[in-house]
Ligand SMILES: C[S@@+](CC[C@H](N)C(=O)[O-])C[C@H]1O[C@@H](n2cnc3c(N)ncnc32)[C@H](O)[C@@H]1O
């Protein structure tokens, strides 16, 4: 049972790796392509670990640790490159990690030693349990500008807008070293715009092979940094279509000053701000942008 009394459902994903579904948030923990595939394609590979020499240290914050899949994938990538991992994690609920660690399928996914290291990290002082908006505060006070990598894997903005607000993304951004990177699977215009408002440069994570042929799956996520991001493995600049997306109604950011608003209030206030911007003629409607670029679906 989760802290709110919901029962997480075990799911197997496209690559056979272990995942969960949250009835509370109405959303899967990972994309249907696979938890492990997603961890590698959207978090480990765009991290640019090849920039670091053997023996370097990497200071990382995993935002929404969940089952620990992203951290475990990073543990293995760091081990194979001889990098020393300094790790912090934020997570509301102990249940996803407990279920993963108890699952033979999850355990079978990893090299010897990875699970022991994952357990060690998640029971260390670096594991900050609780609402990430509050749990991140000590890091913001004491470790500004010290992180190489932030992995942001919250439920989607419409399900969990608390973790995609201008204010929360601003707090995360303040933790980054000048060349540090925040990585997320999310390509929403509101999130990219909030990252820009936080003073970060934004690039796209390449869509996984096979998805690129569908125009609506134009991107595999977003990378952000205080410094311009050089296109490289899995990273590219935003296309003209994506830049125009940031001038549409969809780019109205989520706001949560004071880190205390609930989901419903954040969504309602954003809707009101969107309606006002449309009334005042300040932004283009997202559907007009979608038609112009020949996109199907609903990209908010
Ligand atoms: C998409 S899942 C994370 C998946 C995870 N990275 C993994 O590999 O399993 C989202 C996670 O966010 C956590 N969460 C939801 N609201 C939160 C909050 N306000 N603060 C911290 N964690 C939160 C959920 O408990 C869940 O584990």
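Residue numbers (this note's numbering): 1 to 300. Backbone N, C-alpha and C fix where the C-beta goes; we use that ideal spot for every residue, glycine too. All values reported here derive from a predicted model rather than from experimental measurement.
Next item on the list: List the endpoints of the continuous beta strand (DSSP E) containing residue 59.
Entry: 57–63
Note to self: Just to confirm the assignment: which complete alpha helix (DSSP H) runs, minimum length 4, are found wholly within the stretch 143–204?
What the structure shows: 166–174, 189–197
Check: At a cut-off of 7 angstroms, is residue 70 close to ligand 1 when judged by its beta-carbon and the heavy atoms of the ligand?
Finding: yes
Next item on the list: With a 10 Å radius around its C-beta and 16 neighbouring C-beta atoms as the bar for buried, classify residue 140 as buried or exposed.
Entry: exposed
Notebook entry, point to check: Closer than 7 angstroms: is that where the CB of residue 96 sits relative to any heavy atom of ligand 1?
Noted result: yes
Check: How many angstroms separate the CA atom of residue 240 from the CA atom of residue 47?
Finding: 24 angstroms
Next item on the list: Report yes if the C-beta of residue 64 is less than 7 angstroms from at least one heavy atom of ligand 1; otherwise report no.
Entry: yes
Note to self: Is there a Cβ of chain D sitting closer than 8 angstroms to that of residue 69, yes or no?
What the structure shows: Among the chains of the structure shown, chain D does not appear; only one protein chain is present.
Check: So residue 128 is in the beta strand (DSSP E); what residue range does that whole segment cover?
Finding: 127–129
Checklist line | Rounded straight-line distance, which links the Cα of residue 187 to that of residue 296 | finding: 16 angstroms
Margin query: I want to check one thing, is the minimum distance from the CB of residue 262 to the heavy atoms of ligand 1 below 7 angstroms?
Written below: no
Note to self: Using 8 angstroms for Cβ pairs, my map puts residue 29 next to residue 82. What's the rounded Cβ distance?
What the structure shows: The Cβ separation is near 30 angstroms, so there is no contact.
Item checked: Spatial neighbours of residue 184 in its chain, beta-carbon cut-off 6 angstroms, leaving aside the 5 residues before and after -> 152, 221, 222
Checklist line | Member of 26, 72, 198 whose CA lies at the smallest distance from the CA of residue 18 | finding: 72
Check: Taking C-beta to C-beta, are residue 242 and residue 273 nearer than 8 angstroms?
Finding: no
Next item on the list: With a threshold of 7 angstroms, establish whether the CB of residue 203 neighbours any heavy atom of ligand 1.
Entry: no
Next item on the list: With a threshold of 16 other CB atoms inside 10 Å of the CB of residue 191, please say whether the residue is buried or exposed.
Entry: buried
Margin query: Once the 5 residues before and after residue 85 are set aside, which same chain residues still bring their CB inside 6 angstroms of it?
Written below: 58, 78
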